[in-house]
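Working notes, structure below.
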Amino acid sequence: MSLNKKIISLIKRKKMKLAIAESCTGGMLSSAITSVSGSSKVFTMGLVTYSNKAKTGILKVPQKIIKKYGAVSVQCCLAMVNNLSKISKSKVCISITGIAGPKGGSKQKPVGLVYIGIKVGKKVIVNKCNFKNKGRVYIQRQTVKKSLNLLLRLIKQDN
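Residue 154 in this note's numbering sits at position 154 of the sequence shown, with consecutive numbering throughout.
What follows is the structure, encoded as structure tokens:
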């Protein structure tokens, strides 16, 4: 069974709902989830909050967080996942923010830097990833793969 099918099956069994807010993956994670038949029973929403305006407007990420830490930061990712949880009323939430390249990176925040936020019930984690700069699509795919693996692990731990 594929990773996304396992996740949908587990979320269904636990009678939970899933919501996603993604930036640098541009809907790729939501696509992976909705490619599974029956995902509509657990998937409440998938938001592509690509711009800072979308992050502050839709997800209510405080502008001061983006000004102080940037859109690609632990703080922004955390605000994204926590606010998504409130907006969607879903027990399982994922947020993704990062730099997929090929441009836009810096010494402090290189291309391939991605933060993945996952909230299952009251438990929240933010995972920092530094993917190799092997192209935009490579970084996006690795992010989706990592997100699914982290999500599966956290859902299994949830009681």
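Note that the Cβ used here is the ideal one computed from N, Cα and C, for glycine as well. Remember, predicted model here, so these are calculated numbers, not experimental data.
>> Considering only the alpha carbon of each residue, which of Ile-58, Leu-84, Leu-59 and Asn-52 lies closest to Tyr-69?
In response: Asn-52
>> Restricting to Cα atoms, I'd like to know which of Lys-17, Lys-156, Leu-3 and Gln-157 is closest to Ser-85.
In response: Lys-17
> How is the beta strand (DSSP E) around Met-45 delimited, first residue to last?
Replying inline: 43-48
> Quick one: what's Ser-95 bridged to in DSSP?
Replying inline: Ala-21 and Gly-117
> At a cut of 8 Å, does the stretch 76-92 reach the stretch 100-112 through at least three beta carbon pairs?
Replying inline: no
>> Run through the DSSP bridge pairs and tell me what Asn-127 is partnered with.
In response: Ile-116
> Beta-carbon separation of Val-183 and Thr-25 under 8 Å?
Replying inline: Nothing can be reported for residue 183: it is not among the residues displayed for the chain, which extend from 1 to 159.
> Of the choices Leu-148, Ser-23, Ala-54 and Lys-134, whose alpha-carbon is the least far from that of Gly-98?
Replying inline: Ser-23
>> Do Met-45 and Ser-88 have their beta-carbon atoms positioned less than 8 Å apart in this structure?
In response: yes
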